[in-house]
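Trainee: So the sequence shown is numbered by UniProt numbering: it starts at 1 and just counts up by one.
Ideal Cβ placement from N, Cα and C applies to all residues, glycine included.
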Amino acid sequence: MQTLSSSPIKEEKYSRKSCLKLELSEENAENSSNNSIFVMATWFSTHFSLSITDGLNSWICIASEEDVRERASQWDQSASEYVEFAEKYLGFQQFGSVYRFSDAGNGYRRLSFTFEKEGVKLEWRWRCKPSPDSKKTTAAVLDFLMESNINLSVEVVKKDEAFEKLKAEAEKCLALSEKLSIEKEEFESEVYAKFVNVLNAKKGKLRELRDRLSKEKVAGKQLQEEDVSSENTVSYHTGSDKMEDSEDDL
């Protein structure tokens with residue numbers, strides 16, 4: 001039998017909150033035209049609480065640590081694992097799971113959802129009692145939704161501003177990159193032109209030196225040939241003089 005424990009909830013410093021517009025299964029209508037409810041939850045490590053409203057009436061569920069540990073032991077889970085599992089299904093509506101909020105008598109309602117474990121379809125459920133102050137509970141849910149919407153809007157604005165800033169920085173970086181690319185091409189063209197000029201000048205000097213060496217080589221060869229020719233001429237005249245001297249002696 002599922003009952004609510006009257007054990008005091010252990011206070012914890014850190015908690016998480018969620019609020020889900022839960023679409024119920026069609027078979028859950030039960031003479032009601034409203035097939036959706038809002039489930040606001042406060043999640044602690046080993047216990048949780050729920051505030052539920054259909055816009056007209058509201059219910060609450062306070063799951064103490066003792067209750068959670070008892071339920072968790074039936075599923076071979078720790079209390080923290082059980083809470084995380086419940087948060088997964090009540091923080092976001094899970095596709096394929098059947099959600100119900102059925103009448104449990106005397107104004108109580110039973111919140112449940114189906115899930116599969118090792119190929120077996122199971123059902124998670126908790127009994128919720130009517131809120132002692134339905135308007136206050138509904139207002140608390142609406143306040144949380146409004147606050148969350150405001151925070152989300154602020155976050156969206158911040159994200160947009162950050163995106164625009166990042167976009168502007170990206171555009172600046174792109175412009176700088178293009179500028180550097182152009183300057184790099186201009187620098188390379190200038191350096192290449194200077195290199196070509198220097199290279200051409202070096203080639204000119206090399207040709208000039210080569211021509212000079214070639215001319216000097218030719219001139220040296222001609223000079224050498226002239227020297228050899230002169231030596232031969234002197235020797236010939238020297239021989240002739242000796243012959244003339246001999247004839248004179250006779």
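1) Should the segment 138-153 be called in touch with the segment 50-63, which here means at least 3 C-beta pairs below 8 Å?
2) Taking the alpha-carbon positions, what's the E208 to L174 distance?
3) Could you spell out where the alpha helix (DSSP H) holding E66 opens and where it closes?
4) Distance, Cα to Cα, M146 vs S80?
5) Quickly, what does DSSP pair A41 with across the bridge? List them, please.
6) To the nearest angstrom, report how far apart S97 and L176 are at their CA atoms.
7) Between which two residues does the alpha helix (DSSP H) carrying E116 extend?
8) Kindly list the residues whose CB is nearer than 6 Å to the CB of P130, restricted to its own chain and excluding five residues on each side of it in sequence; keep chain order.
9) DSSP on V98, reduced to helix/strand/coil?
10) May I have the straight-line CA-CA distance separating W75 from K159, to the nearest angstrom?
11) Should L199 go down as buried or exposed, given a rule of 16 or more other Cβ atoms within 10 Å for buried?
Mentor: Reading it off the structure:
1) yes
2) 50 Å
3) 65-74
4) 29 Å
5) S18, L50
6) 54 Å
7) That residue, E116, is in no alpha helix (DSSP H); its beta strand (DSSP E) goes 108-117.
8) Here the set comprises W59, G107.
9) coil
10) 42 Å
11) exposed
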